[in-house]
Amino acid sequence: MDAFYVSVELLRHPELRGKPLVVAHDGPRGVVTTASYEARRFGVHSALPMVTARRRCPQLQVLPVDMQLYRRGSEKVMQTLREFSDTVEVVGLDEAYVDLSRSPVPQSRALEIKRRVREETRLVCSIGLGPNKLMAKIASDLDKPDGLFVLTARNWLEAVGDRPASLLPGVGPKTSARLSAIGIETVAELAGADRAQLERSFGPRQGEGLRSRANGVGPDSLTTVRTRKSESRETTFPEDVTDREQLTGTLVRLGRSVCESLEAHQSAGRTITVKIRLRGFRTHTRSRTLEAPTRDPDTVSRVACELLERFDPPDPVRLIGVGVAGLEDEEAEHANGPASAAPVVEGEPAGPLTLL
DNA sequence: TCTGGGGTCCTAGGACCC
DNA sequence: TCTGGGGTCCTAGGACCC
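Just add 219 to the spot in the first sequence (first one is 1) and you have the numbering used here.
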């Protein structure tokens, strides 16, 4: 979906259409969640600190985050996608892969999807079509907003060869810098890079992984059912906190929130993690694994507070969080048949996939 | 410029076991 | 007395993604 949160907000704030607009956690330490295309022209983008965003664009309109609303919008979008295929892999609220490998005319199906999504939700999306998830995803980025782009093994290097390697998923700032250091800037350079040199710099796994992605190789079946593996809550204080009571109080509140959600999902986990971020943005975690899964708020709070003790935070605390990992849901535990242990649905062999 | 919140996956070291 | 190889689990940190 193009500028999803902003687009959803515009449905109820039509007067803001055409204006530089962001959905953001406003406040002293807020960042931009989503920026309208008008705002992007001012250099305002996701994850940009609001202080900077306002400096770059003084007339910026700011709307607070309303996740409930976006979740409802997302549901409707995904519902629409399922009209086109039983095999839909949802990736976050605004992205999904749709398996169109059974369609003889995937390109016209993609156009139909765009039309149906617009009809049903009045929202605009961009679609990428490709023989695997990697190509579909990248294709979806190449013609935004309201676009449709097709990548194939044939046009791959012609279309993206000259683009920076960071176009590839999994190649972020750190990996980009390391690639630069060995003289690799573009997708094509990475695609043709010396295997041995990549392995020396990145190790056998990551090295070969990078090279194959640069050659357009990626997964060609979809995972339609995802099982959550961890759940967490964290909060950044408006100002750094040193008061222990305030830290433990916050920890208990966050722990309760995690447990409520675990309860709602009939899930529980064995590993409890406390996260803190200190002044200077250094982030640390401490965790403990229990004998048995829990979602008991008292247990989670008690362990979290004990873990917090182990930091004895010497510096003011900017962020604190609690997580529970190693989740098992009760259904999976009671039914130990192979049927319940098969969350991954094998898709069709290589065929066109669509990414929204 | 001064950096949210919720996730996933990977790596590396240490403990422990056979 | 000084020492292999392989496996699993746990912990901490980091990169990355939406």
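A virtual CB, placed ideally from N, CA and C, is assigned to each residue, including glycine.
One thing to note: I332 has its Cβ no nearer than 9 Å to the Cβ of F368. V227 and D365 have their alpha carbons spaced roughly 15 Å apart.
F368: member of the beta strand (DSSP E) spanning 367-369, first to last residue. The C-alpha of V536 is placed about 6 Å away from the C-alpha of R498. Taking the CA atoms as reference points, E464 sits about 10 Å from L470. The straight-line gap separating the alpha-carbon atoms of P268 and R248 is approximately 7 Å.
A distance below 9 Å separates the beta carbons of S506 and T492.
Contact check between the stretch 533-548 and the stretch 467-487: three or more CB pairs, one atom from each, fall below 8 Å, which counts as touching. Here G435 is near A372, since their CB atoms are less than 9 Å apart. Residue state for K494 is assigned as strand, using DSSP reduced to three classes. In the pairwise beta carbon analysis, the stretch 248-264 is classified as not touching the stretch 382-397: fewer than three pairs are separated by under 8 Å. Nearest Cα to L376 within the set T461, G292, A433: A433. Within 10 angstroms of the beta-carbon of R430 lie 16 or more other beta-carbons, which makes it buried.
Counting every other CB atom within 10 Å of its CB across the protein chains shown gives F500 a total below 16, marking it as exposed. Runs of the alpha helix (DSSP H) lying entirely within the stretch 395-429, each at least 4 residues long, are 406-410 in chain order.
Note on geometry: alpha-carbon atoms of D221 and K363 lie some 7 Å from one another.
Sequence-distant Cβ neighbours of G428 in its own chain, meaning closer than 6 Å and more than five residues away, do not exist here. Listed in chain order, the non-local C-beta contacts of D245 below 7 Å within the same chain comprise M269, V281, P283, local neighbours out to five positions each way being set aside. Under the three-state reduction of DSSP output, T271 falls in the helix class. Apart from sequence neighbours up to five positions away, the residues of its chain that approach D313 with a beta-carbon distance below 7 Å are M220, F223, S293, ordered along the chain.
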